[in-house]
Amino acid sequence: MKSLLLALGLLVTSFSSLGADMSNGANNFYQSEQVTVEKVTFNNQYGMAIAGNLFVPKHLAPASKNAAIIVGHPMGAVKEQSANLYATKMAEQGFVTLSLDLSFWGASAGEPRNAVLPELYSEAFSAAVDYLGTRPIVDRERIGVIGVCGSGSFAIAAAKIDPRLKAIATVSMYDMGAANRNGLKHGVTLAQRQQVMLQAANQRYVEFQGGETVYTGGTPLTLTGDAIGDEFYDFYRTPRGEFTPTGASPQTTTRPTLSSNVKFMNFYPFNDIETISPRPLLLIAGANAHSREFSEDAYQRAAEPKELVIIPNAGHVDLYDRVDLIPFAKLTTFFKSHLK
Numbered sequence: 001m002k003s004l005l006l007a008l009g010l011l012v013t014s015f016s017s018l019g020a021d022m023s024n025g026a027n028n029f030y031q032s033e034q035v036t037v038e039k040v041t042f043n044n045q046y047g048m049a050i051a052g053n054l055f056v057p058k059h060l061a062p063a064s065k066n067a068a069i070i071v072g073h074p075m076g077a078v079k080e081q082s083a084n085l086y087a088t089k090m091a092e093q094g095f096v097t098l099s100l101d102l103s104f105w106g107a108s109a110g111e112p113r114n115a116v117l118p119e120l121y122s123e124a125f126s127a128a129v130d131y132l133g134t135r136p137i138v139d140r141e142r143i144g145v146i147g148v149c150g151s152g153s154f155a156i157a158a159a160k161i162d163p164r165l166k167a168i169a170t171v172s173m174y175d176m177g178a179a180n181r182n183g184l185k186h187g188v189t190l191a192q193r194q195q196v197m198l199q200a201a202n203q204r205y206v207e208f209q210g211g212e213t214v215y216t217g218g219t220p221l222t223l224t225g226d227a228i229g230d231e232f233y234d235f236y237r238t239p240r241g242e243f244t245p246t247g248a249s250p251q252t253t254t255r256p257t258l259s260s261n262v263k264f265m266n267f268y269p270f271n272d273i274e275t276i277s278p279r280p281l282l283l284i285a286g287a288n289a290h291s292r293e294f295s296e297d298a299y300q301r302a303a304e305p306k307e308l309v310i311i312p313n314a315g316h317v318d319l320y321d322r323v324d325l326i327p328f329a330k331l332t333t334f335f336k337s338h339l340k
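Using our numbering, you'd call the opening residue of the sequence shown number 1 and step up by one each time.
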């Protein structure tokens with residue numbers, strides 16, 4: 001992450017060394033007495049276990065058929081970071097919701113841990129449809145999805161080939177392919193990209209022979225003065241959003257393996273995005289978000305019906321957990337309109 005930020009020539013700033021900026025209602029670990037939560041596990045199409053949390057509004061009639069929403073976490077995160085919050089808040093609005101861990105992350109299966117494989121990330125959303133669509137309380141014709149950060153691009157990739165996803169919303173979306181190929185604002189040169197690919201390729205020899213796994217990118221372990229690195233640090237490395245899954249190391253959370261991260265170079269989620277139409281697409285981004293360009297790119301490429309909502313005074317990570325900035329009312333209206 002740091003080398004990428006330097007390559008992009010980004011302006012730098014710094015958070016307090018105390019971190020944990022809890023302004024604007026930051027509440028990543030929010031819980032609600034209005035919903036029940038159940039840990040669930042189901043297999044993807046390849047027999048790999050996907051772990052999730054199923055949220056059900058307490059007022060639902062046992063025999064009713066209800067709209068459902070799948071929620072995907074930011075890239076490198078786990079369902080306990082942002083996804084559970086969105087799932088809880090949307091369940092309070094009457095939806096059955098399911099947060100999930102992508103393959104290789106959190107409690108979901110996949111080795112090595114923290115590996116990158118975009119196709120399997122997208123497959124997790126279709127597997128979640130399989131699961132929800134066979135639950136007695138879910139109407140399989142009324143299933144939508146919210147993808148936060150990298151999961152926005154994975155959800156779009158899934159929706160392009162899975163028409164069972166009837167309404168698609170993204171928040172602070174990263175196109176993980178473009179971000180790795182080009183950097184932000186196309187700040188990474190071809191020579192820099194080729195150097196990354198060579199480094200990853202040589203690391204494969206090391207790991208093939210049983211050598212140490214090397215990690216890349218992700219969240220810095222200390223405040224660095226890089227604007228974006230410190231923005232992520234304030235969420236992932238402080239009590240505001242820090243979560244280390246069972247069996248994981250705090251030193252490697254959010255950090256993909258170096259040898260696998262180049263898989264993103266072949267990931268083009270926005271190609272053919274127009275084929276999602278006539279299913280609706282809602283793209284939400286912060287006005288000050290470094291990732292705003294990806295939502296704008298997707299909006300330009302997508303066909304109607306589509307909507308781009310820009311949240312004033314919000315950055316990228318702000319929309320992970322700051323409930324006073326996250327437009328839950330807009331999300332509720334969107335899904336109630338299109339999952340009816």
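Every residue, glycine too, gets a C-beta built ideally from N, C-alpha and C.
Rounded Cβ spacing between methionine 173 and phenylalanine 267 (contact assumed at less than 8 Å): By one-based count along the sequence shown, residue 173 stands at place 173. By one-based count along the sequence shown, residue 267 stands at place 267. Contact between methionine 173 and phenylalanine 267 does not hold, since the beta-carbon distance rounds to 13 Å and is not under 8 Å.
Of the residues Ser64, Tyr299, Gly152, Pro74, the one placed nearest isoleucine 137, counting alpha carbons only: Here the question's residue 137 lines up with position 137 in the sequence shown. By alpha-carbon distance to isoleucine 137, the top candidate from Ser64, Tyr299, Gly152, Pro74 is Ser64.
Sort Arg164, Gly110, Leu102 by Cα distance to aspartate 130 and report the nearest one. As a first step, residue 130 is located in the sequence shown; it is residue number 130 there, counting from the start. Comparing Cα-Cα distances from aspartate 130 to each of Arg164, Gly110, Leu102, the minimum goes to Arg164.
Residues in its own chain within less than 6 Å of serine 108 by CB, not counting five upstream and five downstream? Reading the sequence shown from its first residue, position 108 is the one you call residue 108. Excluding the 5 residues flanking it on each side, serine 108 has same chain C-beta neighbours closer than 6 Å at Ile50, Ala51, Asp101, in chain order.
Beta-carbon proximity list for valine 78, same chain, < 7 Å, skipping 5 on both sides: Position 78 of the sequence shown holds residue 78. Sequence-distant partners of valine 78 (beyond 5 residues in either direction) whose C-beta falls short of 7 Å from its own C-beta, in its chain, are Asp101, Trp105, Gly106, Phe243, Pro245.
Can you give the Cα-Cα distance for methionine 48 and arginine 181, rounded to whole angstroms? Residue mapping note: residue 48 aligns to position 48 of the sequence shown, counting from 1. Residue mapping note: residue 181 aligns to position 181 of the sequence shown, counting from 1. It is roughly 29 Å from the alpha-carbon of methionine 48 to the alpha-carbon of arginine 181.
Within the continuous beta strand (DSSP E) that includes arginine 140, where are the two ends? Stepping through the sequence shown from its first residue, residue 140 is reached at position 140. Looking at the DSSP string, the run of the beta strand (DSSP E) that includes arginine 140 is 138–148.
Cutting at 7 Å between CB atoms, please list the residues of its own chain near glycine 133, excluding the five before and the five after it. Translated into the one-based positions of the sequence shown, residue 133 becomes position 133. So the list reads Arg140, Ile143, Arg164, once near-sequence residues are dropped.
Sequence ranges, alpha helix (DSSP H) only - wholly within the region 64–110, length at least 4: Qualifying alpha helix (DSSP H) stretches, in chain order: 83–92.
Is the region 85–93 touching the region 229–241, taking contact as three or more C-beta pairs under 8 Å? Taking a contact to require three or more Cβ pairs closer than 8 Å, the region 85–93 and the region 229–241 do not qualify as touching.
Proximal residues to glutamate 119 (C-beta, below 6 Å), its chain only, five neighbours per side dropped: By one-based count along the sequence shown, residue 119 stands at place 119. None.
Beta-carbon proximity check, threonine 318 vs asparagine 24, cutoff 9 Å: Residue 318 sits at position 318 when you count from the first residue of the sequence shown. Residue 24 sits at position 24 when you count from the first residue of the sequence shown. As written in the sequence, residue 318 is aspartate, which differs from the threonine given in the question. Yes. Within cutoff.
Less than 6 Å between C-beta atoms, sequence neighbours within five positions excluded: which residues of the same chain meet that for isoleucine 326? For the purposes of this step, residue 326 is taken as residue 326 along the sequence shown, with counting starting at 1. These residues qualify, in order along the chain: Leu319.
Inter-residue Cα distance where the pair is leucine 221 and aspartate 321: Position 221 of the sequence shown holds residue 221. Position 321 of the sequence shown holds residue 321. A straight-line Cα-Cα distance of about 20 Å links leucine 221 and aspartate 321.
What did DSSP end up calling arginine 240 once you bin it into helix, strand or coil? Working through the sequence shown from its first residue, we reach residue 240 at position 240. Arginine 240 falls in the coil class under three-state DSSP.
In the DSSP assignment, find the unbroken beta strand (DSSP E) run with leucine 54 in it and report its ends. Counting from 1 along the sequence shown, the entry for residue 54 is found at position 54. 49–57 is the extent of the beta strand (DSSP E) around leucine 54.
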